[in-house]
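Shown next, in structure tokens, is the structure this report addresses.
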Amino acid sequence: MRILFIHSDFIEYRVKEKAVEAAEKFTKEWERVEDCLVSFISVERKDDENVARKAIDEIVDVAEKVNAKRLVIYPYAHLSSDLSDPETAKKILTLIELGLKDKYDVHRAPFGWYKSFTISCKGHPLSELSKQIGGEEEPEALKKETTIKTYWKILYEGNLFDIDNFDFTGYEKLRDFVSYEISGTRAVVDVPPHVKYMRSLEIADYEEGSDSGNLRYYPRGKLIKSLAENLVTNYVIDYGAMEVETPIMYDYEHPALKSYLQRFPARQYTVLSGEDRYFLRFSACFGQFLIAKDALITYKNLPLRLYELTRYSFRREKHGELVGLRRLRAFTMPDMHTFVPDIEKAKEEFLRQFKLSISVLKDFGLDLNDYEVAVRFTSDFYRENENFIKDLGSFVKKPILVQFWEEKFFYFVLKFEFNFVDNTKKAAALSTVQIDVDNAKRFNITYINENGNREYPLILHCSPSGAIERVIYAMLEKAEFMKKEGKKPVFPFWISPIQVRIIPVSEKHLEKAIEIGKNFEKEGIRVDVDDREITMQKKVREAEMEWIPYIVVIGDKEISQKILNVRDRYLDKTREIPLIDFIDELREKIRGKPVKRLNEDYLLSKRVKFV
RNA sequence: GCCACCGUAGCUCAGUAGGUAGAGCGGCUGAUUCGUAAUCAGCAGGUCGGGGGUUCGAAACCCUCCGGUGGCUCCA
377 MRILFIHSDF IEYRVKEKAV EAAEKFTKEW ERVEDCLVSF ISVERKDDEN VARKAIDEIV
437 DVAEKVNAKR LVIYPYAHLS SDLSDPETAK KILTLIELGL KDKYDVHRAP FGWYKSFTIS
497 CKGHPLSELS KQIGGEEEPE ALKKETTIKT YWKILYEGNL FDIDNFDFTG YEKLRDFVSY
557 EISGTRAVVD VPPHVKYMRS LEIADYEEGS DSGNLRYYPR GKLIKSLAEN LVTNYVIDYG
617 AMEVETPIMY DYEHPALKSY LQRFPARQYT VLSGEDRYFL RFSACFGQFL IAKDALITYK
677 NLPLRLYELT RYSFRREKHG ELVGLRRLRA FTMPDMHTFV PDIEKAKEEF LRQFKLSISV
737 LKDFGLDLND YEVAVRFTSD FYRENENFIK DLGSFVKKPI LVQFWEEKFF YFVLKFEFNF
797 VDNTKKAAAL STVQIDVDNA KRFNITYINE NGNREYPLIL HCSPSGAIER VIYAMLEKAE
857 FMKKEGKKPV FPFWISPIQV RIIPVSEKHL EKAIEIGKNF EKEGIRVDVD DREITMQKKV
917 REAEMEWIPY IVVIGDKEIS QKILNVRDRY LDKTREIPLI DFIDELREKI RGKPVKRLNE
977 DYLLSKRVKF V
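Residue numbers (this note's numbering): 377 to 987.
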């Protein structure tokens with residue numbers, strides 16, 4: 377259904393001739409209504425009573441906003457090219473009329489007639505609005521989200537505070553996050569700064585040749601992304617998960633998948649294979665659940681953990697929501713599922729994964745001050761596990777946002793997220809863990825218990841870092857915060873695409889510079905040499921603009937004294953250190969971290985400029 | 001999905017009573033061989049996002065599509 381609202385000084389219409397066979401009988405050939413809200417409505421194919429109900433809510437909502445007492449329902453076919461049959465349209469229009477009659481003075485223009493009309497629009501900002509309601513692919517969960525009963529509190533030092541009574545002094549980012557969550561931000565903002573960096577640092581870029589929200593990654597971005605992926609995967613495997621790989625597209629008609637789709641508030645990409653319709657996965661859940669369903673699992677195998685790094689997960693986010701790396705339609709998500717026998721075990725895993733997520737983010741240079749914690753649960757879960765929730769709050773030693781759901785509508789009873797609040801005061805979720813009480817049954821995943829009987833496990837969904845692209849986004853936004861504080865923006869050493877740049881003072885030092893560079897390369901440190909014929913000032917400047925952590929200048933002095941002159945970005949100063957000691961220092965910094973080779977030429981004169 | 005703004009050289013942008021394009025950076029060439037955030041000079045480089053229309057004439061005005069951004073809505 378589509379509705380066009382016009383808040384009018386008056387509308388006047390006159391019935392002319394029949395437009396369709398099924399035209400409605402009418403009582404007034406001419407009508408004029410003063411000071412009213414006119415709703416021009418197209419009833420579309422697939423619209424039903426639910427859509428009518430939703431339409432009533434929308435009309436009431438708008439009427440309240442513009443303070444209208446009189447309503448005009450005006451059938452108007454021209455808003456849509458996918459109309460319902462006339463009988464349905466009449467029925468739904470009548471339902472809407474009846475639904476509004478109690479509270480408003482409702483007038484309705486007859487259906488199925490050509491009418492002349494004159495309307496006077498008030499012209500204030502809310503006087504013209506249009507809405508689209510329903511749509512066949514809209515999952516229940518998306519619609520339900522707007523009606524589900526929920527309330528919010530701040531949890532701090534074991535106490536729950538009303539949002540309005542909590543003093544956010546010193547917790548401004550939490551305040552921004554809360555207002556973003558509950559009311560949506562009102563701040564006037566520009567493009568988030570990470571978009572500028574993702575391009576200028578040659579990490580990622582928009583790709584016109586694809587759908588919006590599908591980005592291209594340049595060599596440096598690909599390197600950063602791979603390192604990030606490897607780090608998370610290593611963590612998860614150390615944690616005890618087994619890595620699997622599953623298809624990226626699934627059958628719309630598969631019964632378990634079909635009902636799961638309805639519980640998941642996201643839109644899908646659809647793929648046609650001949651006549652058959654498939655959707656692109658929006659997480660690794662399906663693939664892993666379908667594996668678990670067929671596996672022979674006993675209580676001795678629990679907790680069982682499956683993991684996949686999805687490249688990609690797809691969500692067809694609305695156009696207006698896509699920005700840079702914050703929100704994409706194709707993204708890389710580490711996704712682990714843990715199967716446990718009961719709620720006690722689930723809580724134990726939940727807490728461990730909570731801590732795992734903190735460790736993972738820390739390696740990306742994001743600590744608890746950089747993100748806000750949200751914990752959400754059903755009221756039932758809270759009643760039975762109040763202390764558990766409070767312990768989570770105590771563990772992070774700062775106030776957190778908690779959300780209560782009166783009923784369980786989604787598939788989980790408890791979840792947390794770590795939300796990054798960026799320079800435009802918008803929030804994006806990074807790590808998350810959920811306790812899923814529904815899907816074992818839905819997918820018929822069972823394990824054999826001590827007595828030889830089949831039982832449904834509980835399932836934890838965990839993305840310890842959140843989407844990899846989002847982690848990069850958070851690192852870039854954090855860099856901007858650093859810049860605002862007067863610090864130099866920089867990546868953690870292990871993930872810097874170039875870790876050491878060697879700058880020969882003049883051409884005659886080049887050979888020696890390359891030789892010194894080899895010592896770093898042997899240790900798995902990504903080093904390059906600026907062999908271009910430009911001034912060294914300029915080389916230093918460009919190295920700084922690329923956020924390279926260590927800039928080593930090689931001239932006569934360094935060659936004769938065998939001491940390196942290092943410009944250290946983390947300390948923001950230049951220091952002198954013997955080569956051996958410096959390499960030891962860097963080796964220590966990358967210990968236990970993923971290592972990858974430089975993903976571009978060692979010599980800057982050979983480099984391509986991508987942006 | 002709706003509304004608004006934007007799209008000009010590889011990048012950032014200038015170019016409004018409509019008269020077939022400019023700067024800086026980058027690139028190339030030459031000079032300079034240089035000590036920690038921009039050496040100097042010359043040269044090359046443009047279907048003005050795509051398509052359609054108005055006009056003698058469109059980067060400019062209109063329509064439409066695509067892309068980007070912001071707002072609304074929404075965001076497990």
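For every residue, glycine included, the Cβ atom is placed at its ideal position computed from N, Cα and C.
Nothing here was measured: the structure is a model prediction, and the numbers come from that model.
Residue i to residue j, Cα distance in whole Å?
i	j	result
Thr-822	Lys-669	7 Å
Asp-767	Lys-773	10 Å
Leu-940	Thr-950	10 Å
Pro-873	Leu-603	9 Å
Glu-922	Leu-727	39 Å
Met-858	Asp-948	13 Å
Phe-796	Lys-479	43 Å
Asp-814	Glu-434	32 Å
Glu-513	Arg-643	Its pLDDT being 45, under 50, Glu-513 is placed unreliably by the model, and nothing is read from it.
Phe-785	Ser-981	59 Å
Gly-616	Arg-681	7 Å
His-630	Glu-425	27 Å
Val-391	Ala-398	15 Å
Lys-801	Lys-738	21 Å
Arg-687	Asn-610	16 Å
His-383	Leu-777	39 Å
Leu-455	Glu-420	9 Å
Asp-437	Glu-976	57 Å
Gln-875	Ile-924	6 Å
Asn-535	Trp-781	19 Å
Leu-834	Glu-845	29 Å
Lys-888	Val-881	11 Å
Val-620	Ile-379	47 Å
Ser-576	Arg-692	27 Å
Could you give the first and the last residue of the continuous alpha helix (DSSP H) run that contains residue i?
i	result
Arg-692	Here Arg-692 belongs to no alpha helix (DSSP H), and DSSP marks it neither H nor E.
Asn-535	Not the alpha helix (DSSP H): Asn-535 falls in the beta strand (DSSP E), residues 535-537.
Met-851	844-860
Asn-815	815-818
Ala-465	462-477
Ser-586	Per DSSP, Ser-586 belongs to no alpha helix (DSSP H) and is neither H nor E.
Asp-611	Note that residue 611 is Tyr in the sequence shown, not Asp. First-last of the alpha helix (DSSP H) with Tyr-611: 595-615.
So, residue i versus residue j, is the Cβ gap smaller than 8 Å?
i	j	result
Ser-415	Tyr-450	yes
Tyr-849	Leu-685	no
Ala-803	Gly-842	no
Met-709	Cys-838	no
Asp-907	Arg-877	no
Glu-725	Leu-836	yes
Pro-840	Val-612	yes
Lys-817	Tyr-832	yes
Leu-408	Phe-386	In the sequence as presented, Leu is not what sits at residue 408; that position holds Arg. Yes, these two residues count as a Cβ contact at 8 Å.
Cys-412	Leu-447	yes
Gly-769	Leu-599	no
Phe-715	Leu-666	no
Does the Cβ of residue i lie closer than 7 Å to at least one heavy atom of the ligand ZN?
i	result
Pro-865	The ligand ZN is absent from the structure shown, which contains no ligands of any kind.
Please report the residue range of the beta strand (DSSP E) in which residue i lies.
i	result
Arg-951	949-954
Val-809	803-812
Met-377	It is not in any beta strand (DSSP E) - Met-377 carries neither H nor E in the DSSP assignment.
Ser-415	406-418
Arg-877	876-880
Ala-580	580-582
Ile-776	776-781
Phe-796	788-797
Arg-484	481-484
Should the region 886-898 be called in touch with the region 854-873, which here means at least 3 C-beta pairs below 8 Å? no
Assess, as a yes-or-no matter, whether the region 739-756 is touched by the region 479-493 under the definition of 3 or more beta carbon pairs within less than 8 Å. no
Does the pairing of the region 786-794 with the region 529-540 give three or more beta-carbon distances under 8 Å? Short answer: they don't touch.
What are the uninterrupted segments assigned as beta strand (DSSP E) that are 3 or more residues long and contained completely in the region 617-656, given in chain order? 625-627, 646-649 and 652-656
Given 8 Å as the limit, is there contact between the region 723-737 and the region 684-699, that is, 3 or more CB pairs closer than that? no
Between the region 422-431 and the region 472-488, do three or more beta carbon pairs fall short of 8 Å? yes
Does the count of Cβ pairs from the region 929-937 and the region 962-981 closer than 8 Å reach three? no
Mind pulling the beta strand (DSSP E) runs of 3 or more residues that sit fully within the region 668-755? 680-690, 706-716 and 747-754
Alpha helix (DSSP H) runs wholly inside the region 901-949, at least 4 long, in chain order: 912-921 and 932-937
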